[in-house]
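Q:
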Amino acid sequence: MKLWKHFKTITWHRWLVRGGCFRVGLYWRGLVHDLSKYSPTELFVGARYFQGNRSPNAAERDEKGYSSAWMHHKGRNRHHYEYWTDMNTKTGRYESLPMPRKFLVEMVMDRRAACMTYQGKNYTDGSALAYFEKSLEKPLMHPQTQKELRYILTMLKDEGEKATFRYLKRSVLKNKPFPWETDKG
1280 MKLWKHFKTI TWHRWLVRGG CFRVGLYWRG LVHDLSKYSP TELFVGARYF
1330 QGNRSPNAAE RDEKGYSSAW MHHKGRNRHH YEYWTDMNTK TGRYESLPMP
1380 RKFLVEMVMD RRAACMTYQG KNYTDGSALA YFEKSLEKPL MHPQTQKELR
1430 YILTMLKDEG EKATFRYLKR SVLKNKPFPW ETDKG
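Going by my numbering, the first residue of the sequence shown is number 1280, and it counts up by one from there.
1) Hey, could you find the ends of the beta strand (DSSP E) Thr-1364 is sitting in?
2) Rounded to the nearest angstrom, what separates Trp-1283 and His-1358 at their Cα positions?
3) Go to Arg-1390, then tell me how far its alpha helix (DSSP H) extends in each direction, as first and last residue.
4) Nearest-angstrom Cα distance between Thr-1368 and Glu-1374?
5) Roughly how many angstroms lie between the CA atoms of Pro-1456 and Tyr-1446, to the nearest whole one?
6) Can you tell which of Tyr-1410, Pro-1379, Gln-1423 and Lys-1316 has the C-alpha that lies nearest to the C-alpha of His-1292?
7) In the DSSP output, what is Glu-1374 paired with across the bridge?
8) Around the C-beta of Leu-1419, are 16 or more other C-beta atoms found within 10 angstroms, so that it is buried, or is it exposed?
9) My assumption, with CB atoms under 8 Å, is that Leu-1428 sits in contact with Met-1366. Please give the rounded CB distance.
10) What residue ranges within the stretch 1285 to 1329 form continuous alpha helix (DSSP H) runs of no fewer than 4 residues, ordered along the chain?
11) What span of residues does the alpha helix (DSSP H) with Leu-1428 cover, start to end?
12) I'd like the span of the alpha helix (DSSP H) that includes Arg-1357, first residue to last.
13) Among the residues of its own chain, which have a CB less than 6 Å from the CB of Thr-1290, if the five just before and after it don't count?
14) For Trp-1459, which residues of its own chain have a beta-carbon under 6 Å away from its beta-carbon, when the five flanking residues on both sides are left out?
15) Could you have a look at Lys-1453 and say whether DSSP puts it in helix, strand or coil?
16) Exposed or buried, what is Arg-1449 when buried is set at 16 or more other beta-carbons lying within 10 Å of its beta-carbon?
Right under this line is the structure:
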């Protein structure tokens, strides 16, 4: 039964992400989003730790101290900022890299859909920003990615989906500068 509930949850999440991606013209990213969640490595662990109100990865992490499903997932899905980490040859340390814009936009859709999935009727356009602001992930994310993500999630909260999706499609995905990048000469 938990396998079926988990399957329905990840399929609903993917449907929400796909819809958002399609609205901004990211058709391929919408189609391939989170396909690794159907792999045995992620699907069966996700079913085992399924709760319905939060990610099974969090429950697995609570029990084991790590999430094997998350370790698998983040290395295969470029819409996660954790994917964009590599060894800096000058410092000899792993460091975050700025995310390419199409994956940044997919990440926005992913976070929006995750909040919609787990919060249900309590979801608001400010949910993804609230989750981001209370998370402990910011120090791990590249500062440029963090600034861009906060800007977009704040726009979603303040201006709503329609305006934000229009901005993503007409500006972010067209590689136009963010407001702080423009030269005021």
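Yeah, the Cβ is synthetic: ideal placement off N, Cα and C, and Gly gets one too.
A: In terms of the structure at hand:
1) 1364 to 1367 is the span of the beta strand (DSSP E), which, as asked, contains Thr-1364.
2) One C-alpha to the other measures close to 25 Å.
3) It spans 1380 to 1398 - the alpha helix (DSSP H) in which Arg-1390 sits, taken as one unbroken run.
4) Distance between the alpha carbons of Thr-1368 and Glu-1374 is about 10 Å.
5) Their Cα atoms are separated by approximately 11 Å.
6) Closest by alpha carbon: Lys-1316.
7) Note: Glu-1374 sits in a beta bridge opposite Asp-1365.
8) Leu-1419 should be labelled exposed.
9) About 24 Å; that fails the 8 Å criterion.
10) Runs of the alpha helix (DSSP H) inside the stretch 1285 to 1329: 1306 to 1311 and 1319 to 1327.
11) That run of the alpha helix (DSSP H) goes 1422 to 1446.
12) Following the DSSP letters along the chain, one finds Arg-1357 in no alpha helix (DSSP H), marked with neither H nor E.
13) Counting only Cβ-Cβ distances below 6 Å, and skipping sequence neighbours, we find nothing.
14) Listed in chain order, the non-local C-beta contacts of Trp-1459 below 6 Å within the same chain number zero, local neighbours out to five positions each way being set aside.
15) Coil at Lys-1453, not helix or strand.
16) Around the beta carbon of Arg-1449, a 10 Å sphere encloses fewer than 16 other beta carbons of the protein chains shown; the residue is thus reported as exposed.
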